[in-house]
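Quick notes on the structure that follows.
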Amino acid sequence: ERGDCWLVSGKVAGHGLAVMGLRKVLSFASELVSDVAPLAGLANALVREIRGVRVMHDPTRGGLAGVVADLASAGGLSIELDESRIPVSPTARAAADMLGLDPLTVANEGKFVVVVSAEDAESALAFCRSHDLGRDAAIIGTVTAAQPVMVELITTFGGRRVVQKPYGEQLPRIC
């Protein structure tokens, strides 16, 4: 629904970049670790406590970009994301830059994306941040009425770019 907010439960791209680093025998000056975590407790509690939860999805395959593009297409709604609000650790950002990857397309294992009503967005954010696995949660965008249906990212420089589902797989399946 127009005005609904997009929330991510924490920093993105850490898992995929950590796995790529291990597979390619890359070393980083600081610790880059997977974000694998059991999210059922946080996710179930959020759905029980926050009335305005519309949809929840994991950003595993295709990363954040993939899940947002898929849900926008399925729902026939446009989405505007704010790059400055998307949590990415400095190490993950540097690793992605070094590898020529967009952190939005990198796989995640211990995060979820949730669409929540505008009225309940701040409550959902506070609820997530009160849980250890959601302490880095952020509201990253909103549903808009823009046509044609697309996902747009407002960049940190104030420009705009279309966010699409990534082509192919950057990280081969491991399970």
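Count along the sequence shown from 1, then add 323; that gives the number in the numbering used here. Note that beta-carbon positions come from the ideal geometry of N, C-alpha and C, so glycine has one too.
| Query | Result |
| --- | --- |
| Please determine, among Leu404, Val342, Gly398, the residue with the shortest C-alpha to C-alpha distance to Arg377. | Gly398 |
| Report yes if the C-beta distance between Val472 and Val485 is below 8 Å; otherwise report no. | no |
| Name, in chain order, the residues that DSSP records as bridge partners for Val342. | Answer is none; Val342 lacks a bridge partner. |
| Give a yes or no on whether the C-beta atoms belonging to Glu432 and Val359 are separated by under 8 Å. | yes |
| DSSP three-state label for Gly464, please. | strand |
| Below 8 Å on the Cβ atoms is my contact criterion, and I expect Leu330 with Ile463 to pass it. Report the Cβ-Cβ distance as a whole number of Å. | 7 Å |
| I'd like to know whether the C-beta atoms of Leu456 and Leu387 end up nearer to each other than 8 Å. | no |
| Just reading off the alpha helix (DSSP H) that Leu387 is part of, what are its end residues? | 386-398 |
| Terminal residues of the continuous alpha helix (DSSP H) containing Leu369? | 363-372 |
| Could you tell me if Phe450 is buried or exposed, where buried requires 16 or more neighbouring beta carbons within 10 angstroms of its beta carbon? | buried |
| Would you kindly work out how many angstroms separate the C-alpha atoms of Leu404 and Ala417, rounded to a whole number? | 21 Å |
| According to DSSP, is Leu424 helix, strand or coil? | coil |
| How far does the beta strand (DSSP E) with Glu324 in it extend, from its first residue to its last? | Here Glu324 belongs to no beta strand (DSSP E), and DSSP marks it neither H nor E. |
| What is the rounded straight-line gap between the Cα of Val437 and the Cα of Arg346? | 30 Å |
| Do you know whose CA, among Met343, Pro382, Arg325, Leu355, lies nearest Lys434's CA? | Pro382 |
| Once DSSP output is grouped into helix, strand and coil, what is the label at Ser407? | helix |
| Hey, Leu400 and His380: beta-carbon distance below 8 Å or not? | no |
| Nearest to Val335 by alpha carbon, out of Ile477, Ser407, Arg371? | Ser407 |
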